[in-house]
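Q:
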Amino acid sequence: MTDIEEFIQSIPYLTFQQRRMLKEQAQDLVLWGLDGEDSCIQTLWPEDYNRASKNDVIKLYTKVMAHINNIRKNPIDYDTFKPSYDFKGKGSNIVKDFLSPDRIMGRCPCPRDGEQTRCCNLQTLDAVQQCAFACAYCSIQSFYSSNEIRVLSDLRQHLENMVLEEGTWHIGTGQSSDSLLLGDDYGTLTALSAFAKQHPEVVIELKTKCARTDWLSLDIPGNIVSTWSLNAETPALKEEHLAASPKARIEAAAKCAQAGHLVGFHIHPMFFFKGWEKEYSDLVKQVVDSVAPDDVVMIGIGTLTFTKQNLRTLRQSERPTRVTQMPLAPIAGKFSYDLETKRKMFSHVYASFPQDWKDKVFFYLCMEDPSLWEPCLGRSYSCNADFEADMKRHYFSKIDSEKTHS
Numbered sequence: 081m082t083d084i085e086e087f088i089q090s091i092p093y094l095t096f097q098q099r100r101m102l103k104e105q106a107q108d109l110v111l112w113g114l115d116g117e118d119s120c121i122q123t124l125w126p127e128d129y130n131r132a133s134k135n136d137v138i139k140l141y142t143k144v145m146a147h148i149n150n151i152r153k154n155p156i157d158y159d160t161f162k163p164s165y166d167f168k169g170k171g172s173n174i175v176k177d178f179l180s181p182d183r184i185m186g187r188c189p190c191p192r193d194g195e196q197t198r199c200c201n202l203q204t205l206d207a208v209q210q211c212a213f214a215c216a217y218c219s220i221q222s223f224y225s226s227n228e229i230r231v232l233s234d235l236r237q238h239l240e241n242m243v244l245e246e247g248t249w250h251i252g253t254g255q256s257s258d259s260l261l262l263g264d265d266y267g268t269l270t271a272l273s274a275f276a277k278q279h280p281e282v283v284i285e286l287k288t289k290c291a292r293t294d295w296l297s298l299d300i301p302g303n304i305v306s307t308w309s310l311n312a313e314t315p316a317l318k319e320e321h322l323a324a325s326p327k328a329r330i331e332a333a334a335k336c337a338q339a340g341h342l343v344g345f346h347i348h349p350m351f352f353f354k355g356w357e358k359e360y361s362d363l364v365k366q367v368v369d370s371v372a373p374d375d376v377v378m379i380g381i382g383t384l385t386f387t388k389q390n391l392r393t394l395r396q397s398e399r400p401t402r403v404t405q406m407p408l409a410p411i412a413g414k415f416s417y418d419l420e421t422k423r424k425m426f427s428h429v430y431a432s433f434p435q436d437w438k439d440k441v442f443f444y445l446c447m448e449d450p451s452l453w454e455p456c457l458g459r460s461y462s463c464n465a466d467f468e469a470d471m472k473r474h475y476f477s478k479i480d481s482e483k484t485h486s
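Sequential numbering from 81 applies to the sequence shown in our numbering.
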């Protein structure tokens, strides 16, 4: 039993549910590394708590929970956060593996029931499993128990024999790992390029936080789109451990575009932190100054969203992070920021782009509530099918235009 568990068990009169909720709050305080009395759950309780009456204990519990929830409502203060963690060996062991074909294809993690979020029906291809980066919020750490990176060694054979579902047009490779971290060291990009040439009706989307560009010497077909996940400087520094800096990612994207390839960006996950407005405006300026809108297919915008398993993994890791210092509002079966905070952040980013970008680039909200589209992007869709159809039309229009000019 941990110190936290022992302390919570020593508090009289609490129900099982109250102890569980208090434990989660206590684990988050440990992750956040705040100063003073907010550094741990024990310091928020009076020394004589175990001699208090039931009524007083419940009042204390309510007060402590309200105090921590108030912390969650404020923008994260990263000025006082200096994470220290040993990432030595993270992703250093790479294993070539043979996997059965039915294990490499999947779907976007949007809710499958109903239309609680706008979903583009992205299919996923797990050519590589596990990531060498150590982003605090990443769901990949919930998928795999080992730091070992597994590369599908017979990917080309799997792809040659693959029978695609009817209607398949958009496949992403960044769900189970970083798409470009290993470049073509294990023949992954060569195999994907051959598959893309064989299926011109399909868009292969690569997604990365790395700055590798040596793979640009390969014969990459036009229906492979390379995209970079971007963040403001502070959360990138404090939470996206081992990944390339936002500046380096944008420079890599610019090199890719200069080489004649279409690119895209995911400003995702956005953080609500002290100074977020200026830093995200600065990020947008870096993108606009580095890449022409004619070379950009899409820009996805979204924010932190956690499943119960994501949160459980984060809390059990005890790795310093402030990603859970947020309201954790229940939305579509997951936990995220409340809709008003999302509206502020998404609207701000979109408004920061000049009009020619809005005219030429397909902007969308990634796995977000349908009610956010109109106030944030000035347009909306009545259903997921309409969203997917419009995305497909924009993507192939850009790809066809690129072919015409090349």
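Just so you know, even glycine gets a beta-carbon here, dropped at the ideal spot from N, CA and C.
Spatial neighbours of residue 113 within its chain, please: CB distance less than 7 Å, with the 5 preceding and 5 following residues excluded, ordered by chain position.
A: Around residue 113: 161, 400.
Q: Look at the Cβ atom of residue 277, then the Cβ atom of residue 377, and state whether they are nearer than 8 Å.
A: Not closer than 8 Å, so no.
Q: Thinking C-beta only, is residue 382 closer than 8 Å to residue 457?
A: Result no, Cβ atoms of residue 457 and residue 382 do not sit closer than 8 Å.
Q: Given a cut-off of 8 Å on the beta-carbon distance, is the pair residue 384 and residue 417 in contact?
A: In this structure, residue 417 lies closer than 8 Å to residue 384 by Cβ.
Q: Any idea which residues DSSP pairs residue 230 with across the strands?
A: BP columns for residue 230 point to 175, 209.
Q: Take every Cβ of the region 107-124, pair it with every Cβ of the region 299-315, and state whether three or more of those distances are shorter than 8 Å.
A: Short answer: they don't touch.
Q: So, using beta-carbon positions, are residue 212 and residue 184 closer together than 8 Å?
A: Not in contact: residue 212 and residue 184 (Cβ atoms no closer than 8 Å).
Q: Determine whether the beta carbon atoms of residue 111 and residue 147 lie at a separation below 8 Å.
A: No, the Cβ-Cβ distance between residue 111 and residue 147 is not below 8 Å.
Q: Rank 85, 95, 404 by C-alpha distance to the C-alpha of residue 103 and give the top, closest one.
A: Measuring from the Cα of residue 103, the nearest candidate turns out to be 85.
Q: Between residue 144 and the rest of its own chain, which residues show a CB-CB distance below 8 Å, the 5 nearest in sequence each way excluded?
A: These residues qualify, in order along the chain: 102, 105, 121, 124, 125.
Q: In angstroms, rounded to a whole number, what distance separates the CA positions of residue 339 and residue 330?
A: Spanning the two alpha carbons is a distance of roughly 14 Å.
Q: First and last residue of the alpha helix (DSSP H) that includes residue 461?
A: Element bounds for residue 461: n/a, residue is neither H nor E.
Q: With burial defined as no fewer than 16 other Cβ atoms inside 10 Å of the residue's Cβ, what is the status of residue 463: buried or exposed?
A: Burial call: exposed.
Q: Does DSSP classify residue 133 as helix, strand or coil?
A: Coil.
Q: Under a three-way DSSP split, which group does residue 116 fall into?
A: In the structure shown, residue 116 sits in a helix (DSSP, three-state: H, G or I).
Q: Could you tell me the distance, in whole angstroms, from the CA atom of residue 334 to the CA atom of residue 308?
A: Cα to Cα, the separation comes out at about 11 Å.
Q: Is residue 263 closer than 8 Å to residue 295 when the C-beta atoms are compared?
A: Contact flag set, yes.
Q: For residue 354, report the span of its alpha helix (DSSP H) as first-last.
A: It is not in any alpha helix (DSSP H) - residue 354 carries neither H nor E in the DSSP assignment.
Q: Determine the direct distance from the alpha carbon of residue 159 to that of residue 109, and round the result to whole angstroms.
A: C-alpha separation (whole angstroms): 17 Å.
Q: May I ask you to verify whether the region 435-453 touches the region 241-257, counting CB pairs closer than 8 Å and requiring at least 3?
A: Segments in contact, no.
Q: Once DSSP output is grouped into helix, strand and coil, what is the label at residue 125?
A: Coil at residue 125, not helix or strand.
Q: Starting from the Cα of residue 164, find the closest Cα among 429, 321, 141, 293 and give me that residue.
A: Checking every option, the nearest Cα to that of residue 164 belongs to 321.
Q: Nearest to residue 239 by alpha carbon, out of 421, 271, 88, 186?
A: Nearest C-alpha to residue 239: 271.
Q: Along the chain, which unbroken stretches of the alpha helix (DSSP H) at least 4 residues long are found entirely within the region 230-257?
A: Entirely contained in the region 230-257, the alpha helix (DSSP H) runs reaching 4 residues are, in chain order, 235-241.
Q: Nearest to residue 227 by alpha carbon, out of 175, 265, 233?
A: The candidate whose alpha carbon is nearest that of residue 227 is 175.
Q: Taking 8 Å as the cut-off, decide whether the C-beta atoms of residue 297 and residue 336 are in contact.
A: Result no, Cβ atoms of residue 297 and residue 336 do not sit closer than 8 Å.
Q: Consult DSSP for residue 200 and reduce its assignment to one of helix, strand or coil.
A: Residue 200: coil per DSSP, three-state reduction.
Q: Measure the beta-carbon distance from residue 304 to residue 345 and round it to whole angstroms, keeping in mind my assumption that it falls under 8 Å.
A: The pair is not a contact, with the Cβ atoms about 16 Å apart (cut-off 8 Å).
Q: Per DSSP, what kind of secondary structure is residue 336 in: helix, strand or coil?
A: It is helical.
Q: Could you give the residue range of the beta strand (DSSP E) that holds residue 414?
A: Per DSSP, residue 414 belongs to the beta strand (DSSP E) from 414-416.
Q: With H, G and I counted as helix, E and B as strand and the rest as coil, what does DSSP make of residue 438?
A: Helix, per DSSP.
Q: When we look at the beta-carbon of residue 420 and count the other beta-carbons within 10 Å, is it buried (16 or more) or exposed?
A: Its Cβ having fewer than 16 others within 10 Å, residue 420 is exposed.
Q: What distance in whole Å lies between the Cβ atoms of residue 215 and residue 132, which are believed to be in contact at a cut-off of 8 Å?
A: Their Cβ separation, rounded to whole angstroms, is 42 Å, which puts residue 132 and residue 215 out of contact at 8 Å.
Q: Any chance the CB of residue 137 is under 7 Å from a heavy atom of the ligand SAM?
A: The model depicted lacks the ligand SAM and carries no ligand whatsoever.
Q: Within its chain, find whatever has a CB closer than 6 Å to the CB of residue 494; leave out the 5 residues flanking it on each side and keep chain order.
A: Residue 494 cannot be examined here, being either before or after the span of the chain that is shown, 81 to 486.
Q: Helix, strand or coil, according to DSSP, for residue 387 in the structure here?
A: In this structure, residue 387 counts as coil in the three-state DSSP scheme.
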